[in-house]
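Take a look at the structure below.
Protein chains: 2
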Amino acid sequence: MRLPLKTEYACQVLAQLALTYDKDGVRQVEDLASAEDLSANYSVQILTTLRQAGLVNSRRGKNGGYQLARHPDEISLAEIAIAMEGETLVQSSPGNEGMSAAPVHAAWLRVNEAMLESCREISLTELIASPAEDTGAQDWVI
Amino acid sequence: MRLPLKTEYACQVLAQLALTYDKDGVRQVEDLASAEDLSANYSVQILTTLRQAGLVNSRRGKNGGYQLARHPDEISLAEIAIAMEGETLVQSSPGNEGMSAAPVHAAWLRVNEAMLESCREISLTELIASPAEDTGAQDWVI
DNA sequence: TTTAAAGTTGCGTAGTTTACTAATGTATTG
DNA sequence: CAATACATTAGTAAACTACGCAACTTTAAA
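Here the protein sequences come in this chain order: A and B. Under the numbering used here, residues 1190 to 1331 are what the first sequence spells out, in order. Under the numbering used here, residues 1190 to 1331 are what the second sequence spells out, in order.
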């Protein structure tokens, strides 16, 4: 069960926005994308989805850019994942005509709920890289 | 994040085996597959995986078939999912060179752990259809 | 000891999804 | 009105999923 890269990227971009939240940080796509090693074009698509979900605000034209809609403490991993993937994080099919299809589906619905709950308990603030340890991003070879 | 059909099918087939566990039920593929509305061919592949994981035993030749390796209470959804998909249920990529890649990955690892824990708490017994309500499987049209 | 039932293995593949790129449209500011 | 930056849509190569098929091996029973 692979977590879509798109969802991970969304987390990274939002983490990047969270870094400059208090500095009234309006950031441009190019800036965000390069900081997270993503293509600008793809980042735009992700940011558009996040805007439609109400997690970020955007401004067009010169000096435009993106900005978190709320304080990083008030944005949970659950909201991010739901914005990218829809309400059910663990999509199990209501299924075929098999005798056990229904109870199996019900069980996975419970798992989905547990996962959602776990995602609600993680805030965007926890996704920010601690400036002390740049964790490999600055590793470079001559 | 779609739960693979293969994993759901594995649950259904095992639930079917659990139904006849106390009756020393050795069941044949054709039987299991039709009860769960699956193709026999595909079910074989699933059952083979489950056997390699040690969840079922098989006997070849005439009067062969499959059988649960343990009591349904002693088999958890976690074991089933791991048998089909590997240790990590929520696979997040350790990722790119982005600044926030590491903390984001760490967060999803926590979610994975929560999901695993939730799956450990659901036993195969809970996947058995209650005989009272056949929940749609017997619906038929002339 | 034949024979047929039943599991085992591996290959092939159509259809879908993912992770992008690219091109074009639209709003904002100086 | 021109430069800038977000918005939207279309297109696509690669990977993955959910199967089907066929050849092989094992075992019980006749």
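Don't be surprised by glycine CBs; every beta carbon is placed ideally from N, CA and C.
Neighbour flag for N1285 (chain B) against chain A, beta carbons, 7 Å: One-based indexing of the second sequence puts residue 1285 (chain B) at position 96. N1285 (chain B) counts as touching chain A.
Partners in chain B for R1299 (chain A), counting only beta-carbon separations shorter than 8 Å: Your numbering for residue 1299 (chain A) matches position 110 in the first sequence. Correct list: S1307, I1311.
Test item: CB-CB of L1192 (chain B) and V1293 (chain A) under 7 Å: Residue numbering aside, residue 1192 (chain B) sits at position 3 when the second sequence is read from its first letter. Residue numbering aside, residue 1293 (chain A) sits at position 104 when the first sequence is read from its first letter. Cβ atoms of L1192 (chain B) and V1293 (chain A): not closer than 7 Å.
Straight-line gap, A1296 (chain B) to E1276 (chain A) (C-alpha atoms, nearest Å): Translated into positions along the second sequence, residue 1296 (chain B) becomes position 107. Translated into positions along the first sequence, residue 1276 (chain A) becomes position 87. Roughly 19 Å between the two C-alpha positions.
Cβ neighbours of L1305 (chain B) in the same chain (closer than 7 Å, five flanking residues each side left out): Reading the second sequence from its first residue, position 116 is the one you call residue 1305 (chain B). For L1305 (chain B), where only same-chain residues beyond five positions count, the Cβ hits under 7 Å are A1267, L1278.
Counted within 10 angstroms of its Cβ, other Cβ atoms place A1290 (chain B) as buried (16 or more) or exposed: On the second sequence, residue 1290 (chain B) is found 101 positions in, with the first residue counted as 1. Buried, by the Cβ-count rule.
Assigned secondary structure, Y1210 (chain A) (DSSP; H/G/I helix, E/B strand, else coil): Numbered from 1 along the first sequence, position 21 holds the residue referred to as residue 1210 (chain A). Assigned with DSSP and collapsed to three states, Y1210 (chain A) falls in coil, not helix or strand.
Through-space distance from I1271 (chain B) to Q1241 (chain B), alpha-carbon basis: As a first step, residue 1241 (chain B) is located in the second sequence; it is residue number 52 there, counting from the start. As a first step, residue 1271 (chain B) is located in the second sequence; it is residue number 82 there, counting from the start. One C-alpha to the other measures close to 12 Å.
Other residues of its chain near P1283 (chain A): CB distance less than 7 Å, five sequence neighbours each side excluded: Your numbering for residue 1283 (chain A) matches position 94 in the first sequence. Excluding positions up to five away in sequence, the list reads H1294.
Rounded Cβ spacing between L1313 (chain A) and A1204 (chain A) (contact assumed at less than 8 Å): The residue you call residue 1313 (chain A) lines up with position 124 of the first sequence. The residue you call residue 1204 (chain A) lines up with position 15 of the first sequence. 7 Å between Cβ atoms; contact.
Alpha carbon of A1318 (chain A) to alpha carbon of A1222 (chain A), nearest angstrom: Sequence index remark: in the first sequence, residue 1318 (chain A) carries index 129 (1-based). Sequence index remark: in the first sequence, residue 1222 (chain A) carries index 33 (1-based). Using only the alpha carbons, I get a separation of about 16 Å.
Chain A contact residues for S1282 (chain B), given Cβ-Cβ distances below 9 Å: Residue numbering aside, residue 1282 (chain B) sits at position 93 when the second sequence is read from its first letter. Within chain A, the residues near S1282 (chain B) are R1191, L1192, L1194, E1197.
Contacts of I1317 (chain A) in chain B (Cβ-Cβ under 8 Å): The count along the first sequence starts at 1 and reaches residue 1317 (chain A) at position 128. What I1317 (chain A) touches in chain B: S1289, P1292.
Contacts that E1263 (chain B) makes with chain A (C-beta to C-beta distance below 8 Å): On the second sequence, position 74 is the one that residue 1263 (chain B) refers to. Within 8 Å Cβ-Cβ: nothing; E1263 (chain B) doesn't reach chain A, min ~16 Å.
Residues within the segment 1217-1247 of chain B neighbouring chain A, beta-carbon criterion of under 8 Å: A1224, E1225, D1226, L1227
Three-pair Cβ contact test at 8 Å for the segment 1253-1263 of chain B versus the segment 1195-1210 of chain B: yes
Sub-7 Å separation of E1274 (chain B) and M1190 (chain A) beta-carbons: To locate residue 1274 (chain B), count along the second sequence from 1; it is residue 85. To locate residue 1190 (chain A), count along the first sequence from 1; it is residue 1. Cβ atoms of E1274 (chain B) and M1190 (chain A): closer than 7 Å.
Local conformation of R1240 (chain A) per DSSP, three classes: Start at 1 with the first residue of the first sequence, and residue 1240 (chain A) comes out as number 51. Helix at R1240 (chain A).
Cβ of E1276 (chain B) within 7 Å of any chain A Cβ: Counting from 1 along the second sequence, the entry for residue 1276 (chain B) is found at position 87. No, because no Cβ of chain A sits closer than 7 Å to the Cβ of E1276 (chain B).
Under 7 Å between C-beta atoms of Q1201 (chain A) and E1225 (chain A): The count along the first sequence starts at 1 and reaches residue 1201 (chain A) at position 12. The count along the first sequence starts at 1 and reaches residue 1225 (chain A) at position 36. Cβ atoms of Q1201 (chain A) and E1225 (chain A): closer than 7 Å.
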